[in-house]
């Protein structure tokens, strides 16, 4: 399994997240409360972001696994000065039309830290639609071929989104790695 290096993102291929860890994550999520996905301002706006989220702990096994994957990708690809993990959540795009319009994940914190990397782990591929994309030059979408067990790592200032789900349930985990603000 060779990771994919594409200048502005790092991708671990399908199967990178072990099936047993994926199953464990689904079981863990059943024990926690789901809530509507919110925008960065804390508001719910389903015309922009239609998804439910399950908050995860930074010490949940999937969070620890993805943090390690992000650190390795950072060592090879980005070489950012990192601090630690922040805000892990399982995302449930499980209703027809669930989506997240093009956005960025940047957040600056009061302690001088900021989100430096977004890390996404994909837990299934039994759905139609729900394509992940980066927005590149002149509003051109760059689609990334993802599958069950793949992981994407990218800077939070890269525009990205999820197209509407047409059928099935698209399940993933997202988290952020913080560090001193970009200069």
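Residue numbers (this note's numbering): 32 to 214. Yeah, the Cβ is synthetic: ideal placement off N, Cα and C, and Gly gets one too. Note that the coordinates shown come from a computational prediction; the quantities given were computed from them, not determined experimentally.
Per DSSP, which residues does residue 231 bridge with? Please list them.
-> Any answer about residue 231 is impossible in this case: the structure gives the chain only from 32 up to 214.
Roughly how many angstroms lie between the CA atoms of residue 172 and residue 164, to the nearest whole one?
-> What you label residue 172 is simply residue 141 of the chain shown in a count that begins at 1. What you label residue 164 is simply residue 133 of the chain shown in a count that begins at 1. Approximately 6 Å between the Cα atoms of the pair.
Can residue 97 and residue 105 be called in contact, C-beta distance under 8 Å?
-> Against the chain shown, residue 97 aligns to sequence position 66. Against the chain shown, residue 105 aligns to sequence position 74. No.
Can you tell which of 128, 180, 69 and 129 has its C-alpha closest to the C-alpha of residue 150?
-> As a first step, residue 150 is located in the chain shown; it is residue number 119 there, counting from the start. The shortest Cα separation from residue 150 among 128, 180, 69 and 129 belongs to 180.
Taking the C-alpha atoms as reference points, what is the distance between residue 196 and residue 47?
-> Taking the chain shown and counting its residues from 1, one reaches residue 196 at position 165. Taking the chain shown and counting its residues from 1, one reaches residue 47 at position 16. About 24 Å.
Mind the definition here: the segment 74-81 touches the segment 52-61 only if three or more C-beta pairs lie below 8 Å; say whether that holds.
-> no
Label residue 124 either buried or exposed according to how many other C-beta atoms from any shown protein chain fall within 10 Å of its C-beta, with 16 as the threshold for buried.
-> Here residue 124 refers to the residue found at position 93 of the chain shown. By the neighbour-count rule (16 or more Cβ atoms within 10 Å), residue 124 is buried.
Got a sec? Which residues, its chain only, sit under 6 Å from residue 188 by beta carbon, not counting five neighbours each side?
-> Counting from 1 along the chain shown, the entry for residue 188 is found at position 157. Same-chain partners within the cutoff: 135 and 137.
Hey, could you find the ends of the beta strand (DSSP E) residue 120 is sitting in?
-> Residue 120 sits at position 89 when you count from the first residue of the chain shown. 116-124 is the span of the beta strand (DSSP E), which, as asked, contains residue 120.
Pick from 199, 194, 67 and 146 that is closest to residue 156, judged by C-alpha positions | The residue given as residue 156 occupies position 125 in the chain shown. Answer by Cα proximity: 199.
Within its chain, find whatever has a CB closer than 8 Å to the CB of residue 204; leave out the 5 residues flanking it on each side and keep chain order.
-> Translated into the one-based positions of the chain shown, residue 204 becomes position 173. Closer than 8 Å at Cβ, skipping near neighbours: 56, 87, 93, 94, 97, 119, 120, 121, 122, 151, 152 and 154.
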